[in-house]
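> Protein chains in written order, with the UniProt record's numbering: chain A, 1 to 103; chain B, 1 to 103.
Number of protein chains: 2
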Amino acid sequence: MVERLSRGPASVKELAAPLAMSLAAVVQHVQVLEQSGVIRTEKVGRVRSCRLDPAGLNVAERWIVERRALWERRLDRLGDLLAEPEPSSEQRAPDRNTTEEQS
Amino acid sequence: MVERLSRGPASVKELAAPLAMSLAAVVQHVQVLEQSGVIRTEKVGRVRSCRLDPAGLNVAERWIVERRALWERRLDRLGDLLAEPEPSSEQRAPDRNTTEEQS
DNA sequence: GCCTTGGTCAAGCATGGACTTGAGTATTGG
DNA sequence: CCAATACTCAAGTCCATGCTTGACCAAGGC
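Rendered as C-alpha cells:
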C-alpha cells in the first residue's frame with residue numbers, strides 16, 4: 001500500500017484493487033497508517049483519497065533507526081560476553097531485577 | 001534468558017527462577033532456542049543444562065543484519081520516491097503484480 | 001427518482017502465539 | 001524404599017490480529 005501511494009495519491013478503492021481483501025479491511029489499514037502519521041487522507045464527495053505524508057515517514061524512519069540501534073546494542077553486548085573466556089568458577093550475581101525481556 | 005546464559009550455562013530451573021512463568025513455558029522457550037541453533041542443551045541425570053552456542057549466535061546476527069538491510073533498502077527507495085516531485089499528470093502504471101507486501 | 005458506487009460501522013470469526021494445568025516419568029537424596 | 005526434584009508431554013485457555021460479513025449511508029450518474 002505504501003509502495004502504491006509512493007507513486008502518487010489513490011482512493012481506498014484503488015488501494016484495495018490489487019489486494020485480495022475486502023474494502024473494509026483496506027480501510028482499517030488506512031486508518032492505522034493515518035493514526036500513525038504515515039499517510040494523510042481527505043474525503044471528497046464519496047471518495048477518500050490517500051497520500052503519503054513525508055513528515056510522517058521521517059517519523060517512521062526514526063522509529064526503525066531506533067529499533068535498529070537497540071538490536072545492535074544487544075548484539076554487541078552479547079558478542080562481548082561471548083568473546084570473554086567463560087567464567088569457570090561459580091560467581092553468580094543474585095538476579096538483578098531490571099527491565100528485562102524474556103528469551 | 002539469553003542474557004542469563006551469556007553469563008554461563010544454567011539449568012532450566014535456574015532460567016525459570018526470575019521469570020514469573022511456569023517451568024513448562026520456559027522449556028518451550030528453550031526448545032525453540034535450541035531448534036533455531038541459538039543454544040545447545042544436554043541432559044545430565046534429571047537436569048537439562050543449557051548454554052549459548054556461539055556459532056548459532058552468529059547465525060542469529062546474520063539474520064538480523066539481513067533484516068536490517070532489507071528495511072534500509074525499503075526506506076531508501078521510499079525516500080527517493082518522496083524526494084521526487086509528485087507526478088502531476090496521471091501516468092499510473094497498470095499495477096505490476098510482483099511480490100509485494102501489504103500496508 | 002432510483003440504482004449504483006465508494007465508503008463506514010459494528011460484530012464476529014479464524015488463526016497463531018504464549019502461557020497454564022495436570023498427569024506422568026526418571027533421577028536422586030535420605 | 002520413598003518422597004522430593006527436575007523435567008516432559010498433551011491438552012486447553014487466553015488474547016491479540018487481521019480479515020469478513022452484512023447493514024447502512026451519502027454522493028453521483030442517468
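In this text, a Cβ means the ideal position worked out from N, Cα and C, and glycines have one as well.
Owing to the predicted nature of the structure, the values given are computational and were not obtained by experimental measurement.
Just how far apart, CA to CA, sit Leu23 (chain A) and Pro18 (chain B)?
If you take the alpha carbons of Leu23 (chain A) and Pro18 (chain B), they lie about 47 Å apart.
> Excluding the 5 residues flanking Ser11 (chain B) on each side, which residues of the same chain have their C-beta closer than 6 Å to its C-beta?
These residues qualify, in order along the chain: Val47, Ser49.
> What does DSSP give as the partner residues of Lys43 (chain A) in its beta bridges?
Its beta-bridge partners are A:Arg48.
> Of all Cβ atoms in chain A, is any one closer than 8 Å to the Cβ of Arg68 (chain B)?
For Arg68 (chain B), the answer is yes, since a Cβ of chain A falls inside 8 Å of its Cβ.
> Please determine, among B:Ala25, B:Pro9, B:Gly8, the residue with the shortest C-alpha to C-alpha distance to Ala16 (chain B).
Closest option to Ala16 (chain B), Cα to Cα, is B:Ala25.
> Buried or exposed, going by whether 16 or more other CB atoms sit within 10 Å of the CB of Arg4 (chain A)?
Classification for Arg4 (chain A): buried.
> Would you grab the beta carbon distance between Val38 (chain A) and Asp53 (chain A) for me? Rounded to a whole angstrom, and I think it's under 8 Å.
About 6 Å; that satisfies the 8 Å criterion.
> Here's a check: name, in chain order, each residue in its chain whose Cβ is nearer than 7 Å to the Cβ of Thr98 (chain A), leaving out the five neighbours to either side.
The predicted model places Thr98 (chain A) with a pLDDT of 39, which falls under 50 and marks its position as unreliable, so this point remains unresolved.
> Which chain A residues sit within Cβ distance under 8 Å of Glu61 (chain B)?
Residues of chain A passing the Cβ test: Leu75, Gly79.
> Take Gly79 (chain B) as the anchor and find which of A:Asn58, A:Arg74, A:Asp76 has the nearest alpha-carbon.
The residue with the shortest Cα to Cα distance from Gly79 (chain B) is A:Asn58.
> Here's a check: name, in chain order, each residue in its chain whose Cβ is nearer than 8 Å to the Cβ of Lys13 (chain B), leaving out the five neighbours to either side.
These residues qualify, in order along the chain: Leu23, Val47.
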